[in-house]
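For reference, the structure is listed below as structure tokens.
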Amino acid sequence: MSRRKTERLLNLVVCLLATRRYLTAEQIRRAVPGYPEGAEAFKRMFERDKEELRELGVPLEVGSDRTGGGGEETGYRIPPQDYELPEIHLGPDEAAVLGLAARVWQRASMADAASGALLKLRAAGVETGDAPDPAAVVGVEPRVDAGDPAFPALWEAVRDGRPVTFEYQGVGRTSSARRHLEPWGVVSRRGRWYVVGHDRDRDGTRVFRLSRILGAVVPDGPAGTVTVPAGVDVRKIAFDSGEPVGDPRPATVRLRAGAVQGPRRWASDVRPATGGWDGWDEAVLTFRDVDRFAPYLARFGGDVVVLDPPDLREAVIQRLKAALAVNGS
1 MSRRKTERLL NLVVCLLATR RYLTAEQIRR AVPGYPEGAE AFKRMFERDK
51 EELRELGVPL EVGSDRTGGG GEETGYRIPP QDYELPEIHL GPDEAAVLGL
101 AARVWQRASM ADAASGALLK LRAAGVETGD APDPAAVVGV EPRVDAGDPA
151 FPALWEAVRD GRPVTFEYQG VGRTSSARRH LEPWGVVSRR GRWYVVGHDR
201 DRDGTRVFRL SRILGAVVPD GPAGTVTVPA GVDVRKIAFD SGEPVGDPRP
251 ATVRLRAGAV QGPRRWASDV RPATGGWDGW DEAVLTFRDV DRFAPYLARF
301 GGDVVVLDPP DLREAVIQRL KAALAVNGS
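Mapping to the UniProt record's numbering: the sequence shown position 133 is 133, numbers consecutive.
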């Protein structure tokens, strides 16, 4: 199912759940984003969407009332009591899986359209009952909550069967290289995200760690052109790829005086910084993995300055720039 169709169906469900009365097809066309302007084109698309919702088990109710839905004209709604799940009791393992699934859906962008449907309904005078405030509808928006900036684009590429290209800096490399990938799946392993697929440059199966992707992941071909080979287990490929554990390395950092207490506990050679850095200390920290250590240091923001090694310094800078971009600063 395409992203556009998924968004439209989600908007339609939100719209029909939010109303207390039957909505005519014309009211739905005006309230739900994604439908064409032409009457015939809308009718054909709406008929397909109704069938799709029924196949998905959504209880679409057809009827009419004189105070809504245009008098005796046929209208539609989804009774919340029929749509809601019965009380569910989850075990610890089931709850953990559900929580992970919720996190994985926390980054797709559907909230604007869904909340827009409610705003249009209310503007048209349609009662929305106890529907949430449009600003809160983001809670029903499928999103992907992964720390790596490359995650949303790669997840969408896997979903749409679309090849992509990106800059990638491999282990031990001082510069990046352009890679062209047919993505088969995105997998989490030991707290890190990986994309598995066919590397067109190497003409073989490859695994890329998302945290080593630099810049944007961009489409490299039309949707539907990537097919996962039969019998491929992307999770097994990612797990079998393995990664050597790096040797301990020293990092020279400056720590703002009176702050950054965590790293100070295991820092060595802590001394007042010189060269015009009044109010700062200079220390040595030991680490193994840049991809794990850089996010940790970046959490302290302006209270930590990495001097050496260069790859750690650059990784922390990139993390901070990404955070600034997300917050619109």
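The beta-carbon is built from N, C-alpha and C at its ideal position, and this holds for glycine as well.
Candidates the options, of which the one nearest residue i by Cα
i: Leu-255; options: Ala-18, Pro-310, Val-284, Glu-40; result: Val-284
i: Ala-216; options: Gly-275, Phe-166, Val-306; result: Phe-166
i: Val-195; options: Asp-203, Pro-183, Arg-202, Val-316; result: Pro-183
i: Phe-162; options: Asp-49, Gly-224, Ala-41; result: In the sequence as presented, Phe is not what sits at residue 162; that position holds Arg. Nearest option by C-alpha distance: Gly-224.
i: Gln-81; options: Ala-323, Pro-310, Thr-19, Pro-272; result: Thr-19
i: Ser-211; options: Arg-77, Thr-227, Gln-318; result: Gln-318
i: Trp-193; options: Asp-160, Tyr-168, Ala-150; result: Ala-150
i: Phe-300; options: Val-316, Gln-27, Asp-247; result: Val-316
i: Lys-5; options: Lys-50, Arg-189, Gln-27; result: Lys-50
i: Asp-247; options: Gly-262, Thr-286, Arg-159, Val-226; result: Thr-286
i: Arg-189; options: Arg-54, Leu-9, Asp-278, Arg-235; result: Arg-235
i: Pro-310; options: Arg-249, Trp-277, Leu-324, Ala-157; result: Arg-249
i: Pro-295; options: Asp-148, Ser-241, Arg-179; result: Asp-148
i: Arg-179; options: Ala-153, Ile-213, Pro-152, Glu-156; result: Ile-213
i: Ala-298; options: Val-253, Ala-257, Leu-9; result: Val-253
i: Leu-177; options: Arg-202, Ala-157, Ala-39; result: Rather than Leu, the amino acid found at residue 177 in this sequence is Ala. Here the closest residue by C-alpha is Arg-202.
i: Trp-155; options: Tyr-168, Val-218, Gly-185; result: Gly-185
For residue i, the first and last residue of its enclosing beta strand (DSSP E)
i: Leu-285; result: 280-287
i: Asp-308; result: 304-308
i: Glu-167; result: 164-168
i: Gly-75; result: 75-77
i: Glu-7; result: That residue, Glu-7, is in no beta strand (DSSP E); its alpha helix (DSSP H) goes 3-18.
i: Gly-63; result: 61-63
Proximity of residue i and residue j at Cβ, strictly below 8 Å
i: Ala-238; j: Val-187; result: yes
i: residue 361; j: Gly-75; result: For residue 361 there is no data in the structure shown, the boundaries of the chain being 1 and 329.
i: Tyr-35; j: Arg-44; result: no
i: Arg-313; j: Val-306; result: yes
i: Asp-220; j: Val-164; result: yes
i: Pro-79; j: Pro-59; result: yes
i: Ala-273; j: Asp-308; result: no
i: Glu-61; j: Arg-77; result: yes
i: Gly-197; j: Arg-206; result: yes
i: Arg-200; j: Leu-181; result: yes
CB contact below 8 Å: residue i versus chain D
i: Leu-16; result: In the structure shown, chain D cannot be found, because there is only a single protein chain.
Residue range of the alpha helix (DSSP H) that includes residue i
i: Gly-276; result: No alpha helix (DSSP H) contains Gly-276, which DSSP labels as neither H nor E.
i: Arg-159; result: 151-160
Check whether the stretch 287-306 touches the stretch 264-272, taking contact to mean three or more Cβ pairs, one atom from each stretch, closer than 8 Å.
-> no
Ignoring anything shorter than 3 residues or poking outside the stretch 177-248, list the beta strand (DSSP E) runs there in chain order.
-> 177-189, 192-199, 204-209, 213-219
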